[in-house]
Each structure stands twice: as C-alpha cells, then as structure tokens.
Amino acid sequence: MDLDAVAEWSRYVVVVAVLVYLAAWLAFCAEGGLRSRLRRSAEVAAAERSADRLNELIAVGGSSSTVSGASAGAGAGASEAGPGDAEIEERADRLGRNGRVLFGLATLVLAAGVVMRGVGTGRTPWANMYEFSITGALVASIVFLVLARTVVGKVVAVWAVLLIFVTVGLAATFLYVPPGPLQPALQSYWLVIHVGCAVLAFGLFTVSAVVSALQIVSERAADRGRTSGFGASLPDSGALDRLAYRLTAIGFPIWTFGPLILGAIWAEVSWGRYWGWDPKEVWALITWLAYAAYLHARATAGWKGSKASVVALVGYATVLFSYFGVNILFNGLHSYGGL
C-alpha cells in the first residue's frame with residue numbers, strides 16, 4: 001500500500017472513531033438517565049416516608065417536637081436505597097465505565113487516523129480545515145480523558161464526547177479534502193510550530209468552553225434552589241469555574257506565542273511584513289483580546305462565575321469564527337482551508 005492510499009484510508013479510520021464516539025455518548029446518556037431516575041426515586045421515597053410518619057404521629061396525638069424529630073428521621077432514612085435502586089445504581093456504574101472505555105478507544109482510533117494522514121502525506125496533519133479539525137478534536141479528547149479521572153471531569157464527559165463527535169463528524173463529511181501536496185505558502189517548518197500551537201490552543205479553548213457553559217447552568221440551578229433536573233446533576237459551579245479558568249490560562253500563552261508572535265514572524269519571512277490586516281490575522285488578534293479581557297477581569301476585577309464564563313464563551317465564539325468564518329467567508333492570504 002503506497003502512502004497516498006494510507007492517507008486516503010485514514011478517512012475511514014476517522015469515521016470509525018466517529019461511530020465509537022457516538023457509542024460512548026449513548027453510554028454516558030444512558031448512565032445519566034439512570035442516575036436521574038435514582039434521584040427522582042429518592043425524592044419520592046423521602047416525601048412518602050415523611051408524610052406517612054407524620055400522619056401516624058398525628059393520629060396518636062404526638063407532640064410537635066416528636067413530629068419534627070420523626071420528620072428529620074424520615075428524611076435521613078430516604079438516602080437508603082432499596083434493592084431496586086441498588087440494581088439501577090450498579091447498571092449506571094457499569095454504563096459509566098463502558099462509556100469511559102469507549103471514549104478512550106475512540107481517542108486511540110482518532111489518533112491512528114491523524115497519524116495515518118500525517119504519514120501518508122509526509123507532513124504534519126494540519127494544513128487544511130479537515131486536518132486541523134481532526135487534530136484539534138484529538139487534543140480536546142486527550143484533555144477530556146485526563147479530566148475524566150476527576151469527579152468534575154466524569155460529569156462533563158457526556159458533553160465533551162458530543163462536541164467531539166460533532167466536530168469529527170463534520171470534518172469527515174463536509175470538510176474532507178483528498179490528500180495532496182502543500183501549497184507553496186505552507187511549505188515551511190513554520191507550519192509545524194505556528195499551526196501546531198494554534199491546534200493545541202484550539203483544543204484547550206474547546207474544553208474550557210464546554211466547562212464554562214456547564215458552569216452557567218450549574219450556577220443558575222443553584223440560585224433557583226433546584227434539587228433535581230440537569231442543573232442539579234452538575235458539579236458545584238465554583239469547581240467548574242476554576243477548571244475553566246485553568247484551562248484558559250494554559251491555552252492563552254500558547255495562542256499568544258503561536259498564532260500571534262510566530263505568525264507575525266512567519267508573515268515577515270513569507271510576505272515581507274509582520275502585519276497586514278489580513279482577515280485571519282485580525283480575528284486571531286480579536287480572539288487574543290477576548291481571552292485577555294477574560295483573564296484580566298478575573299485577576300483585577302474579581303469576576304467569577306457566570307459573568308466570567310460569558311466572556312470566555314464570547315472568546316470561544318471568536319475562535320470558531322476565526323477558524324470557520326474566515327476560511328469560508330473571506331478571501332485573503334490565509335485562504336487555504338481546503339474548501
């Protein structure tokens with residue numbers, strides 16, 4: 001099998017990864033459904049036990065102190081799971097383990113597809129939108145796998161898998177381009193450094209955006225006093241806020257060094273100027289300013305919670321537009337996205 005065939009077959013490996021990501025997402029969704037069922041069952045059981053006990057005490061003329069003590073005891077006993085609940089919890093744990101195994105397997109398969117694309121083309125696999133997407137999704141997937149070892153990461157995993165599934169699925173269908181040689185503008189070692197940093201930062205910003213969105217949902221659920229539903233199943237909003245901040249704090253200097261500083265140096269080498277107001281350059285700067293505002297607001301103004309998360313999501317929106325919008329809608333020196 002020649003190298004061109006290896007690069008072409010990498011697409012089918014990526015499609016297999018998409019299917020495995022889908023299976024992992026379905027497993028996580030099934031786990032979440034069972035755990036929601038357990039929470040509802042516990043709430044109903046608590047209400048029924050409390051009502052039955054209070055009715056018994058009222059019937060025998062119990063004192064108010066006895067009634068209140070019995071009510072507290074009924075609430076405490078509600079946490080005890082019945083035989084049926086124990087079985088459901090065991091099934092949920094098994095589905096969660098299966099989902100994490102499938103998530104890891106999908107990441108390995110996607111990594112194989114990315115490596116095959118790079119080996120088959122004889123270069124780094126991020127020279128067009130298809131290659132950038134699958135490599136960036138791989139970075140995000142690896143980060144999520146690391147986070148899945150934590151309590152917060154396990155809860156976030158279902159939404160992480162969904163986002164990666166959509167990204168890789170779009171790449172393998174609408175963004176796919178056949179393997180081919182690099183355009184002259186990209187035939188440089190700067191491609192490895194400049195675009196490689198952009199891919200790494202893109203993956204980190206993607207993970208941070210998912211966590212920021214969930215932080216907003218968790219905080220609003222807590223403010224409304226909800227004890228059930230999707231918002232109540234999320235980790236504490238403070239923990240999500242801190243995780244999103246740390247991920248952004250790692251990705252921001254990478255974006256500063258790669259797309260901005262090294263991009264300007266490469267532009268001077270290739271085109272004889274450091275800055276030329278090309279659409280990609282402008283939006284890379286806008287992204288930098290958005291995330292700089294986020295970090296500055298947290299460090300100096302003490303912004304935390306939903307306010308900071310909204311700014312972070314605005315920053316990620318500029319990342320997406322810089323990637324999709326500029327490549328598709330504008331013509332410029334960076335118009336080699338492959339579409």
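Start counting the sequence shown at 1; every next residue gets the next number (UniProt numbering).
No residue lacks a Cβ here, since even glycine has one placed at the ideal position from N, Cα and C.
May I ask whether a heavy atom of the ligand SAM can be found less than 8 Å away from the beta carbon of residue i?
i	result
W25	This structure lacks the ligand SAM; in fact it carries no ligand of any kind.
Would you call the CB atoms of residue i and residue j closer than 9 Å?
i	j	result
A312	A244	yes
L200	A127	no
T121	A209	no
G203	A137	yes
E89	L38	yes
Closer than 6 Å by C-beta to residue i: which residues in its own chain qualify, once you throw out the five before and the five after it? Chain order, please.
i	result
V319	F205, T287
S306	I216, E219
G263	H194
I254	C197, L200, A201
Taking the C-alpha atoms as reference points, what is the distance between residue i and residue j?
i	j	result
Y323	S10	23 Å
D223	D85	29 Å
G99	R246	26 Å
I164	G272	38 Å
Q215	H194	31 Å
R97	S133	27 Å
L145	I58	54 Å
W277	G315	20 Å
P184	A160	36 Å
F330	S270	20 Å
A213	D236	13 Å
G258	A249	15 Å
S65	R53	With a pLDDT of 48 at S65, under the threshold of 50, the modelled position of that residue is not reliable, and the figure given next carries that caveat. Roughly 13 Å separates the two Cα atoms.
P125	E87	46 Å
I265	W275	9 Å
Q187	L147	36 Å
A78	P279	Bear in mind that a pLDDT of 43 at A78, under 50, signals an unreliable position, so the number given afterwards is only what the model happens to contain. Rounded to the nearest angstrom, the two C-alpha atoms are 60 Å apart.
Let me know the secondary structure DSSP gives residue i once reduced to three states.
i	result
T66	Model confidence at T66 stands at a pLDDT of 45, short of 50, so the residue's coordinates are unreliable; what they give is reported in the following sentence. Note: T66 maps to helix in three-state DSSP.
A253	Rather than Ala, the amino acid found at residue 253 in this sequence is Pro. In this structure, P253 counts as helix in the three-state DSSP scheme.
F330	coil
G180	coil
Y294	helix
P125	coil
S79	In this predicted model, S79 has a pLDDT of only 46, less than 50, meaning its place in the structure is not dependable; the value taken from the coordinates is given anyway. S79: coil per DSSP, three-state reduction.
G302	coil
R273	coil
G225	coil
Residues in the same chain with beta-carbon distance under 8 Å from residue i, minus the five sequence neighbours each way, listed in chain order, please.
i	result
W283	T318, F321, S322, G325, V326
Give me, in chain order, the residues of the same chain whose beta-carbon lies closer than 7 Å to that of residue i; leave out the 5 immediate sequence neighbours on both sides.
i	result
A239	V152
A17	A106, V109, L110, G113, V168
A172	R11, V14, V15, V18
I142	T107
R123	L182
A23	L102
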